[in-house]
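The structure appears right after this line, and notes come after that.
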Amino acid sequence: MKRLKLLTLSTFALITLAMSGCSTHTPLYNYGEYSENYYSLKKEATQETALEYQKSLEYCIENAKESRSGRVPPGIYANLGYLYLKAGQNKKAIENFTKEKTIYPEATFFMDKMINKVEALEQEDDK
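Residue numbers -20 to -1, 1 to 107, in mature numbering (1 follows the signal peptide of the UniProt record, and there is no 0), belong to the letters of the sequence shown in order.
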């Protein structure tokens, strides 16, 4: 009787272990082609590589629900905001910096600095 229980428990444990190895792994965040496009941008900074990089950031935002966390990966809104800042689209930059610090409060200090920088640039342009 004791042997039967032990055999049953060990069989159950073995089956559970085998089945867990077969499960598909959903990533915590969905980065899509982010890494490849970032590398291309740093390797050769052209308008085309910058556009591909921007598209990969937007893809991460659009497909965030497919990840295990269901959130946009850390830094995506900040990077997109920086691209908008470089393109002179200050309002979009501030919107993205604000979204980044809303989702990831630990980024608040840096995002506030970036927002202040954008606002200072706008004040200089108004003069």
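Beta carbons: idealized from backbone N, C-alpha and C, even for Gly. Predicted model, so just to flag it, every value in this text is computed and none were measured.
Local conformation of residue i per DSSP, three classes
| i | result |
| --- | --- |
| asparagine 43 | coil |
| asparagine 10 | coil |
| arginine 51 | coil |
| alanine 97 | For the sequence presented, residue 97 should be read as lysine rather than alanine. It is helical. |
| glutamate 24 | coil |
| lysine -19 | helix |
| lysine 107 | coil |
Any non-hydrogen atom of the ligand FMN closer than 7 Å to residue i Cβ
| i | result |
| --- | --- |
| proline 53 | Summarising the ligand content, the structure contains no ligands, and the ligand FMN is consequently not present. |
Integer-rounded CB distance, given that residue j should sit under 8 Å from residue i
| i | j | result |
| --- | --- | --- |
| tyrosine 9 | serine 49 | 6 Å |
| leucine 21 | tyrosine 11 | Rounded, the Cβ-Cβ distance is 15 Å, inconsistent with contact. |
| tyrosine 84 | proline 54 | 5 Å |
| lysine 79 | tyrosine 57 | 4 Å |
Span of the alpha helix (DSSP H) around residue i
| i | result |
| --- | --- |
| alanine 73 | 70 to 83 |
| alanine 58 | 56 to 66 |
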